[in-house]
Amino acid sequence: MHFENMFNNSRLVLTLVGFILMLQSIGFVIFASEITLLMFPFVENNPEALNLGVSLRYAMASGLFFIGMLLFLCRGVTKSAAQRLLFCCGLGFIIILLSFVYLTIFRDVNVSKIMWIIYIILTLLAFYVSSRKFQE
């Protein structure tokens, strides 16, 4: 399968999105302290605040893994269902990006550039593939 054919295969993209979200959740568990310190550098000398941040990373990781697993396991659905799921993912990713904007502007949180890039790409990919009329 050629790379450009991926844009005509909603089930393949659904699988990819699910896999990326599951990987991200594993990263949230493995690097919970580091992510918390990057986002909230002022908690470095406050063990209680750091512990709370790490706990929130674990909670986010479980939710991300659940959604990623759900999308990954839905890879066998019909093409039209996969397109609807991808459209819903695109809407969800926009909500995540809007929360990044809010956190950055109003809460003075350092959202990683990598997270911005991942979710912008996933948003564009989900909307583009979900809108493709001809699917494999």
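For the sequence shown, the positions run 94 to 229 when my numbering is used.
For every residue, glycine included, the Cβ atom is placed at its ideal position computed from N, Cα and C.
Note that the coordinates shown come from a computational prediction; the quantities given were computed from them, not determined experimentally.
Anticipated Cβ contact below 8 Å, residue i with residue j, distance rounded
i    : j    : result
G183 : S223 : 6 Å
A154 : V122 : 5 Å
Beta-carbon gap between residue i and residue j smaller than 9 Å
i    : j    : result
F165 : S118 : no
M208 : F193 : yes
L215 : I113 : yes
Cutoff 7 Å; reference residue i; Cβ partners in own chain excluding five residues on either side
i    : result
T108 : F165 and R168
L196 : V202 and V204
C247 : The chain is shown only over 94 to 229; residue 247 falls outside these bounds and no answer can be derived.
I210 : none
Rounded straight-line distance, which links the Cα of residue j to that of residue i
i    : j    : result
N203 : A125 : 15 Å
L139 : L218 : Per the sequence shown, the amino acid found at residue 139 is Asn instead of Leu. N139 and L218: Cα-Cα distance of roughly 40 Å.
F135 : T129 : 10 Å
Q176 : Y221 : 10 Å
M162 : K206 : 25 Å
F227 : L179 : 15 Å
R225 : Y212 : 20 Å
I160 : R200 : 26 Å
V106 : S173 : 13 Å
F100 : G156 : 27 Å
I198 : E127 : 22 Å
Beta-carbon proximity list for residue i, same chain, < 6 Å, skipping 5 on both sides
i    : result
M132 : V202 and N203
T171 : none
I188 : none
R104 : R168 and A175
S148 : none
CB contact check: residue i to chain C, cutoff 9 Å
i    : result
A174 : Within the model displayed, chain C is absent; a lone protein chain is all it includes.
Any non-hydrogen atom of the ligand SAM within 8 Å of residue i CB
i    : result
T108 : What this structure holds is no ligand at all, so the ligand SAM is not there to describe.
Own chain residues within Cβ distance below 8 Å of residue i, not counting five before or after
i    : result
E137 : L130 and L143
Y151 : F121, V122 and A125
Does the pairing of the region 101-117 with the region 134-151 give three or more beta-carbon distances under 8 Å? Contact between the region 101-117 and the region 134-151 is absent, because fewer than three Cβ pairs lie under 8 Å.
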